[in-house]
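In our numbering, the protein residues as written are 181 to 770. Beta carbons: idealized from backbone N, C-alpha and C, even for Gly. First comes the structure, then the notes that go with it.
Okay, structure coming up:
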């Protein structure tokens, strides 16, 4: 086929050099991207965080919460009324002059049988018509955090400076309960959850804070959880405000993100732990806390985990919440001035999208180089039917999975085994591509992987990077021209071993300890069944994109690699030679 040429009919010198040595230049790009990532993800080279929305004024107000006794009283009441928590909370809220309501919610899916009853109290703004709101969410079964929120709500009722409505939501059932409450608040019909209508609502939610109390026997610290669903992150101004408030002289408590100690805290070199955990969480952890589902509704939210009462004064912990609420009350408009796409390298440093996107470009450039080389060498461009079949199988699997586990399954754990078996079937070996489509299949496969990964990186950068780090060298090496039968068998075995399930298992057992996670899952088939069932639930309940990406994109590309790994180039060249000879004979006869 005719390649890209200059006006003189010659290919550009630099482009020709790249095509002559694609492996060398691809290796340079791949290693260069990794080296560049190691530089910019070091907090010492990253930008320092800053407040773009100056109206927040974090930490500048004088906190006046003094109801320490109320926290202790409510905590004792929650312990005594453990079987009647909801009625006790509503009674306390009404005694303090706030309206209180309950909301039942339940799952409409067969795959999960979850339900609960949320409680929420409303404090109307005395200084303005309630066109905007602030949400404080807490797990109903976290007694210390719930008592703290109740005491702060009683204190906030006595203040007159509120310009926004305050909603105090006591969530039953974790993130699904929060999702059910938000869907009714925004009048959105949830595909998986059903809930009672809210008798009292407000305006646009300007920000959300999920409160909980973390356990720990070390020095007191403030844990901040930031990741939302499908790689979303809250506006950086919200996080920066909480970090500034916690680190100010009045509180002097160290903020910790991703549960990763900073270098100065443990005395050893752990400066890369925060960005690596940030990318791992963004890529593979769908829901971190109650705040994670708020991003679906455009609510900027963060979970604040305060130290337990035996490590940190309750007055300071509650004044932390007061300072955060006052900052959200001060902001003039919805968060928009700071970054939404970033990678945190420490509580005080971050990498913006302008600096981390070249990483994915360097990782994917080898695919573009080899795809262009194959395009210039194509004898005939045909659309490979096998690639279409693989994607059709993936789409069908996704549809069947979503439909069956939503409406028909009676034993999800047993039924998910059949889905797992269908996912490991090597369709690429059972339905091999015709020899005449091999070169075109490789071209389309490289091009699809490059473009699809680049598209995913715009939404979930970390997921795209994790995929590209493994897929790029594997795809190039296992689809190259090959004359040896033994090498073809080795390549096929390598691709079979690199099934997504195998890679995930290896990473959880050997990669997580590198990231500092001590808990290792138990080995065995139950582990894989539980992981697949979790993916299905996260997709159907929350709307996580990991399962459809796995079924519709990753597995079809893996099966296409199997088709190419077992092919010897001599067969392809022989067919092409016969085709060329036949074409020449036709030209001579004509």
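Per the coordinates, the alpha-carbon of residue 559 lies some 50 angstroms from the alpha-carbon of residue 223.
Contact check for residue 328 against residue 497 passes: the beta carbons are separated by less than 8 angstroms. Residue range 481 to 486 is occupied by the beta strand (DSSP E) that includes residue 484, with no alpha helix (DSSP H) assigned at that position. Spatial neighbours of residue 574 in its own chain (CB-CB distance under 7 angstroms, excluding positions within 5 residues in sequence) are listed in chain order as 731, 732, 735 and 736. In this structure, 239 is the residue among 239, 219 and 720 with its C-alpha nearest to the C-alpha of residue 423. Nearest to residue 545 by alpha-carbon distance, out of 258, 649 and 488, is 649.
The stretch 235 to 251 makes no contact with the stretch 566 to 585; the number of CB pairs closer than 8 angstroms stays below 3. DSSP places residue 563 outside both helix and strand once states are collapsed to three, so it counts as coil. Residue 459 sits away from residue 721, with the two beta carbons spaced by 8 angstroms or more. If you draw a straight line from the Cα of residue 636 to the Cα of residue 727, it is about 14 angstroms long.
Per DSSP, residue 456 is one residue of the alpha helix (DSSP H) stretching across 453 to 464. Taking the C-beta atoms as reference points, residue 441 is found no nearer than 8 angstroms to residue 281. Bounds of the beta strand (DSSP E) holding residue 296 are 295 to 303. The beta carbons of residue 283 and residue 298 sit closer together than 8 angstroms. Residues 630 of the same chain have their beta carbon placed closer than 6 angstroms to that of residue 548, with the five preceding and five following residues left out of the count. Residue environment for residue 219: exposed (fewer than 16 other C-beta atoms within 10 angstroms of its C-beta).
Judged by their CB atoms, residue 416 and residue 229 are nearer to each other than the 8 angstroms cut-off. Using a Cβ distance threshold of 8 angstroms, residue 410 and residue 725 count as a contacting pair. Residue 475 places its beta carbon less than 8 angstroms from that of residue 408. An exposed status is given to residue 682, since fewer than 16 other beta-carbon atoms sit within 10 Å of its beta-carbon.
Between residue 246 and residue 374, the alpha-carbon positions lie close to 40 angstroms from each other. In this structure, DSSP gives residue 679 a state outside helix and strand, which the three-state scheme calls coil. Under the DSSP definition of a beta bridge, residue 440 lacks any partner. By the Cβ-count criterion, residue 400 is buried, with 16 or more other Cβ atoms from all chains shown falling within 10 Å of its own Cβ. Comparing alpha-carbon positions, the option among 386, 377 and 348 lying closest to residue 360 turns out to be 377. Only residues of its own chain outside the window of five on either side were considered, and among them 623 have a CB closer than 6 angstroms to the CB of residue 555, listed in chain order.
Contact check between the stretch 271 to 280 and the stretch 336 to 349: three or more CB pairs, one atom from each, fall below 8 angstroms, which counts as touching. For residue 471, DSSP assigns no beta-bridge partner whatsoever. Under the DSSP assignment, residue 277 falls outside any alpha helix (DSSP H); it carries neither an H nor an E label. Burial state of residue 579 is exposed, judged by a 10 Å Cβ sphere holding fewer than 16 other Cβ atoms. Secondary-structure assignment with DSSP links residue 529 through a beta bridge to 228 and 526. Assigned with DSSP and collapsed to three states, residue 476 falls in helix. Taking a contact to require three or more Cβ pairs closer than 8 angstroms, the stretch 690 to 699 and the stretch 654 to 669 do not qualify as touching.
Bounds of any beta strand (DSSP E) do not take in residue 245, whose DSSP letter is neither H nor E.
The beta carbons of residue 343 and residue 305 sit closer together than 8 angstroms. Per DSSP, residue 647 lies in no beta strand (DSSP E); the unbroken alpha helix (DSSP H) holding it starts and ends at 641 to 658.
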